[in-house]
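**Student:** After the structure tokens below, expect a handful of questions from me.
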Amino acid sequence: MTGTNTLTLGGLLLALIILTCNLHPWWTGGRNAAQLKHFGQGFGAAACAAACPGGILGWAHSRSGTVGNGVGERAGQGLTGTSQAQGLTTGQLVGLGTTGAAAVVIAFTLVVLVYKAAGKKERRRIVGGAYVGSTLCLTAGVAGRPGLAARRPQRRWRWGARRGAGDGNFVIRLAAASDRLATGSVVLARRIGNGACAWCARARRDDLTGVHAILGNILRAGLLILGAYTLARVVRAVPALMWVLTAGWTVAAWRTGRPAKAPADAPVDEPAQLPGGTAVRALLLELMGEASGVHLRTVLARLQREGHWEGRTVTDMRLQLERLGIPSDRNVKVAGVPTWGVRRRDLEAPSPAAAEATSAETSTAA
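FYI, the numbering for the sequence shown is 630 to 995, going by this note's numbering.
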């Protein structure tokens, strides 16, 4: 962690002060959600930026903590007489995919458009929400585990480090549950639609011709439309009924989206393994050329062009490199772009396994 992206207690204190100033009027003013709309929009934009591993949004997020460090430290020391310059352990959301990146750009663009159309007071709330969101997403308490930098090393939140639910990672379990609900909703909607179409189609009379043959289809379609209209009127008259319908749909979608169990004798999809450490180091040095580092996405693209590691991600490669004792970093800059990669100096240094082997040989010779 460098001085450019350090978050101190002072910076966190300023974010909490801004958060309190926005939550207090909402709490005492009837708790109307509209009062937090612009603040929440800024917070959401900051959360989108927090998921970016690089680029303008990632760069701005990683340095947002320093914006308020000085102000928060002076405020805390001036009011309490104690120093607020102690560093905090930072966390980082990493592993944003291509589809997620497109969604992040669209969401951020919408917030920018809202900011341009907002008034002066609303703009201040959007900016405040963006600072609070970015600062909280920097803390390990939101992006990982809490703790002071002096006590624990920096921890990063690894998105998608393991596949499937049940591995103790709340984000992965939440993503698996969301995927199950989405899949179940799609399947359930298709079943209902196909069933309604089949029910209407069965009313056709083969012994008749012309319009008389499809009168039954028209009647059944009309009954379906009438039923949907009646249900909409009832829900509008009794809004609380929507909770029951939503709960029923959620339960049905959850049951429908249950993943199929693989046969007991089905082969287990083991994660792809990289070659030995020596071969990997040679490949990385070859791709670096005269540069000081190489991005992991470049290495992954090379392997996939050669028919290896199909369907794998940069996160999978990062974990494999860790197993081989090759360190990687999220701020490796190549051609002016910082993202996950490997530096030449880390490759030229002996790996932990080689160091342990050398130490063992030395002790044996002694």
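Where a beta carbon is used, it is the ideal one built from N, C-alpha and C, also for glycine.
How about residue 671 and residue 759: are their beta carbons less than 8 Å apart?
**Tutor:** Yes.
**Student:** Using three-state DSSP, classify residue 938 as helix, strand or coil.
**Tutor:** Coil.
**Student:** Apart from the five residues just before and just after residue 882, which ones in its own chain have a Cβ nearer than 6 Å to its Cβ?
**Tutor:** Contacts found: 810, 813, 814 and 817.
**Student:** Tell me the DSSP secondary structure of residue 835 in three-state form.
**Tutor:** Three-state DSSP puts residue 835 in coil, outside helix and strand.
**Student:** Using a 10 Å radius around the Cβ and a threshold of 16 neighbouring Cβ atoms, would you call residue 682 buried or exposed?
**Tutor:** By the 10 Å Cβ count, residue 682 comes out buried.
**Student:** Near residue 967, which residues of its chain fall below 6 Å by C-beta distance, leaving aside the five closest residues on each side in sequence?
**Tutor:** Here the set comprises 683 and 960.
**Student:** If I measure Cβ to Cβ from residue 850 and keep anything under 6 Å in the same chain, skipping five residues before and after, which residues do I get?
**Tutor:** Excluding residues within five positions, the ones whose Cβ falls inside 6 Å are 829.
**Student:** Within a Cβ cutoff of 7 Å, which residues of the same chain sit near residue 957, ignoring the five residues on either side of it in sequence?
**Tutor:** Excluding positions up to five away in sequence, the list reads 925, 947, 950, 969, 970 and 971.
**Student:** Tell me which residue opens and which closes the beta strand (DSSP E) that residue 756 is part of.
**Tutor:** Premise fails: residue 756 lies in the alpha helix (DSSP H), 749-767, not in any beta strand (DSSP E).
**Student:** Taking only the alpha-carbon atoms, compute the straight-line gap between residue 943 and residue 753 and give it to the nearest angstrom.
**Tutor:** Spanning the two alpha carbons is a distance of roughly 38 Å.
**Student:** Quick one, are the C-beta atoms of residue 740 and residue 673 less than 8 Å apart?
**Tutor:** Closer than 8 Å, so yes.
**Student:** Determine the extent of the alpha helix (DSSP H) in which residue 684 is found, giving its start and end residues.
**Tutor:** Element bounds for residue 684: 684-691.
**Student:** Indicate whether residue 698 and residue 639 have their beta-carbon atoms separated by less than 8 Å.
**Tutor:** Yes, they are a contact pair.
**Student:** So what's residue 888 in DSSP terms, helix, strand or just coil?
**Tutor:** DSSP places residue 888 in coil when its eight states are reduced to three.
**Student:** What is the rounded straight-line gap between the Cα of residue 711 and the Cα of residue 652?
**Tutor:** So the two alpha carbons sit approximately 26 Å from each other.
**Student:** Give the single residue among 678, 733, 762 and 703 whose Cα lies nearest to the Cα of residue 647.
**Tutor:** For the residues 678, 733, 762 and 703, the minimum Cα distance to residue 647 belongs to 762.
**Student:** Quick one: is residue 909 buried, meaning 16 or more other Cβ sit within 10 Å of its Cβ, or exposed?
**Tutor:** Residue 909 comes out buried.
**Student:** In whole angstroms, what is the alpha-carbon distance linking residue 774 and residue 767?
**Tutor:** With a pLDDT of 39 at residue 774, under the threshold of 50, the modelled position of this residue cannot be trusted; read the value that follows with caution. Their backbone Cα atoms lie some 11 Å apart in a straight line.
**Student:** Among the residues of its own chain, which have a CB less than 8 Å from the CB of residue 846, if the five just before and after it don't count?
**Tutor:** Counting only Cβ-Cβ distances below 8 Å, and skipping sequence neighbours, we find 829, 830, 832 and 833.
**Student:** Give the secondary structure of residue 971 by DSSP, where H, G and I count as helix, E and B as strand, and everything else as coil.
**Tutor:** Residue state, collapsed to three classes: strand.
**Student:** Have a look at residue 701 and residue 745 and give me their C-alpha separation to the nearest angstrom.
**Tutor:** Rounded to whole angstroms, residue 701 to residue 745 spans 28 Å at the Cα level.
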